[in-house]
Amino acid sequence: MGLDFSYNIALAQELGSIRCGGIPMAIGVQAVMATPALTRFGSDELKKQFLVPTIAGDFVACLGISEAGAGSDVANIKTTAVRKGDEYVINGGKMWTTSGCQADWMCLLANTSEGPRHQNKSLICLPMNLPGIHVAKKIDKLGMRSSDTAQIFFEDVRVPSKNLIGEEGKGFTYQMLQFQEERLWGAATVLTSLETIIQETIDYTRQRKVFDQSVLHNQAVHFRLAELATEVELLRALLYRTVALYVEGNDVTKFASMTKLKAGRLAREVTDSCLQFWGGMGFTSEVLVSRFYRDLRLVSIGGGTDEIMLSIICKYMETLPSKQQ
């Protein structure tokens with residue numbers, strides 16, 4: 001797992017420079033969001049049926065976690081998968097499902113019992129061509145427009161019980177493990193994107209003349225770009241440290257949350273500052289900085305909001321107030 005994940009992080013940085021918003025996210029869902037639990041805990045039969053064609057690129061996978069009333073609060077999902085004989089009968093719905101309009105199968109998180117909400121959930125490989133699955137709509141988004149996002153409903157969908165990933169009731173735990181890789185992948189994707197934006201802004205402001213001198217000549221501009229470049233390198237150092245600890249088998253929940261928090265906030269800071277230096281041109285759809293301004297805003301929302309990251313960090317710092325206080 002360690003070497004495979006290190007490769008995924010390197011791939012994420014390469015994908016960060018792709019100029020078509022949404023492609024890195026769609027590949028990220030395929031590589032580090034919908035498949036890790038299946039890779040670690042799935043049966044050999046499930047891996048042959050779903051994982052092998054997904055890795056080969058013959059299948060598109062999606063992840064069914066978020067719901068209309070349960071985004072960051074994963075434990076609050078309402079979708080059920082009731083065991084009836086050798087099948088699960090699934091009812092409910094999922095929201096914000098990346099690649100949901102075209103997916104061949106979904107890694108679905110559903111309630112499989114009435115037990116405690118952290119112990120009653122399971123992950124199931126769900127083929128997306130079964131009766132009762134309704135892709136309600138393709139969501140029109142601010143950014144990441146080349147990656148489709150769907151709202152999906154399930155009505156008495158029957159799936160073989162052998163499609164269960166790992167043990168019943170362990171789905172929440174499996175998903176929490178997956179979140180660490182997802183959050184580090186997101187930070188890695190951001191790195192190269194931010195470097196690209198800064199360099200393109202340098203190139204543009206160098207050739208753009210205002211009052212007979214280049215925009216870059218202004219101290220406010222070149223000092224600010226230097227500050228932003230420094231912040232990107234600090235993010236890189238935090239990411240690399242966290243990945244190294246993770247590959248060694250350590251619990252990196254706190255550091256992964258810090259990395260995700262910093263990546264999202266820095267993405268907003270860099271894209272906003274650089275867009276300002278592009279002036280009116282930055283407000284058009286003709287330049288990369290405006291696309292990244294829209295696309296990278298998602299980093300502070302998807303995979304856990306900034307506020308959730310802060311809560312996790314506080315929990316590990318033992319500064320989070322208890323409910324009894």
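Heads up: the sequence shown begins at 1 in the UniProt record's numbering, then just goes up one per residue. The beta carbon of each residue, even a glycine, is placed where N, CA and C say it ideally should be. Note that the structure is a prediction, hence the values are computed from the model and not measured.
Whole-Å CB distance - residue i paired with residue j, under 8 Å assumed
i: Arg-83; j: Ser-161; result: 6 Å
i: Lys-94; j: Gly-69; result: No, Lys-94 and Gly-69 are not in contact; Cβ-Cβ is about 11 Å, not under 8 Å.
i: Leu-109; j: Ile-77; result: 6 Å
i: Ser-122; j: Gly-71; result: Not confirmed; about 20 Å, so no contact.
Endpoints, the beta strand (DSSP E) within which residue i is located
i: Gln-151; result: 149-160
i: Pro-127; result: 121-127
i: Leu-108; result: 105-111
i: Ile-63; result: Sequence inspection shows Leu at residue 63; the Ile mentioned does not correspond to that position. 61-64 is the extent of the beta strand (DSSP E) around Leu-63.
Cβ-based burial, residue i [other Cβ within 10 Å; buried from 16]
i: Val-52; result: exposed
i: Lys-260; result: buried
i: Leu-38; result: buried
i: Thr-230; result: exposed
i: Ser-146; result: exposed
i: Phe-50; result: buried
i: Val-232; result: buried
Same chain, Cβ closer than 7 Å to residue i, neighbours up to 5 away in sequence not counted
i: Ala-75; result: Arg-117, His-118, Phe-172
i: Thr-54; result: Gln-30, Thr-35, Ala-61
i: Cys-101; result: Val-135, Lys-138, Asp-148, Ala-150
i: Asp-156; result: Val-89, Asn-91, Gly-132
i: Phe-41; result: Ile-165, Gly-166, Tyr-174
i: Gln-178; result: Met-33, Pro-36, Ala-37
i: Glu-318; result: none
Bridge partner(s) assigned by DSSP for residue i
i: Tyr-88; result: Arg-83, Val-159
i: Glu-233; result: The partner list for Glu-233 (beta bridge, DSSP) is empty, contrary to what the question assumes.
i: Glu-67; result: Ala-70
i: Gly-93; result: Phe-153
Cβ shell of residue i (< 6 Å), same chain only, five flanking positions each side left out
i: Glu-114; result: none
i: Thr-255; result: Looking at the sequence itself, residue 255 is Phe, so the reference to Thr does not match. Around Phe-255: Thr-242.
i: Tyr-293; result: Thr-271, Leu-275
i: Ile-312; result: Ser-257
The alpha helix (DSSP H) enclosing residue i, as first and last residue numbers
i: Gly-171; result: 171-207
i: Leu-38; result: 36-41
i: Ala-267; result: 253-278
i: Val-135; result: From DSSP, Val-135 is part of no alpha helix (DSSP H) but of the beta strand (DSSP E) over 133-138.
i: Lys-48; result: Lys-48 -> no alpha helix (DSSP H), and no H or E assigned at all.
i: Met-317; result: 306-317
i: Val-215; result: Per DSSP, Val-215 belongs to no alpha helix (DSSP H) and is neither H nor E.
Cutoff 8 Å; reference residue i; Cβ partners in own chain excluding five residues on either side
i: Leu-288; result: Arg-19, Thr-196, Ile-197, Glu-200
i: residue 327; result: A question about residue 327 goes unanswered here, because the residues of the chain that appear run from 1 up to 325.
i: Leu-46; result: Leu-38, Cys-125, Lys-162, Asn-163, Ile-165
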